[in-house]
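The structure appears below as structure tokens.
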Amino acid sequence: MRKLVLALLILPCLLLGCGKSNLNWTDEEKANIEHFHKSGEASRKAVRIINSGSSGAISSNETKQIIRLTNLALSEAKLVRDDVLAKAHPQLPKKYRTLYQRSLELQVINFKIGNFKKEVEAGKLHDSWVDWININKGQVKIPR
12 MRKLVLALLI LPCLLLGCGK SNLNWTDEEK ANIEHFHKSG EASRKAVRII NSGSSGAISS
72 NETKQIIRLT NLALSEAKLV RDDVLAKAHP QLPKKYRTLY QRSLELQVIN FKIGNFKKEV
132 EAGKLHDSWV DWININKGQV KIPR
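For the sequence shown, counting from 1, position 86 maps to 97 in our numbering; every step adds exactly one.
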């Protein structure tokens with residue numbers, strides 16, 4: 012969970028527009044990469060709700076919001092084209108799909124069936140995503 016919180020602090024700057032891209036992005040590519048941004052935003056909002064509970068208990072309303080936001084994050088992630096991700100970094104499509112997007116898919120499965128094993132696996136995938144981002148932060152260039 013520590014990496015998840017850390018990711019909330021670093022991802023907006025590392026991937027969401029702090030780096031200057033030397034690539035020429037078409038208007039269509041910029042429009043498509045907005046799904047990347049929207050997915051990350053929805054995911055961060057869900058994590059904020061999870062982390063906001065001081066007692067560790069999450070209300071029924073908060074649970075519904077978390078599920079809605081996680082589903083939104085997954086839907087948006089699926090809309091980002093691999094060729095657009097590859098323009099930002101050659102390894103980004105594979106890492107994004109197998110680590111970030113798969114972690115969201117497992118979270119959604121967990122919400123539906125309450126499978127703790129999937130929750131642990133989702134956390135590990137997300138941690139690997141954060142690790143990859145940290146290692147490659149200077150090389151991934153995504154316009155805002």
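Even glycine gets a Cβ: it sits at the ideal position worked out from N, Cα and C.
For clarity, every value in this text was computed on a predicted model and none was experimentally measured.
| query | result |
| --- | --- |
| So, K152 versus A99, is the Cβ gap smaller than 8 Å? | yes |
| Could you pull out every residue in the same chain whose Cβ sits closer than 6 Å to the Cβ of F47, ignoring the five residues on either side in sequence? | V91 |
| For the candidate residues V95, S86, D94, whose alpha-carbon lies nearest to that of E116? | S86 |
| Expressed to the nearest angstrom, what Euclidean distance is found between the alpha-carbon atoms of L83 and P104? | 19 Å |
| Residue range of the alpha helix (DSSP H) that P104 falls in? | 103–106 |
| Can you tell me where the alpha helix (DSSP H) holding A97 begins and where it ends? | 93–99 |
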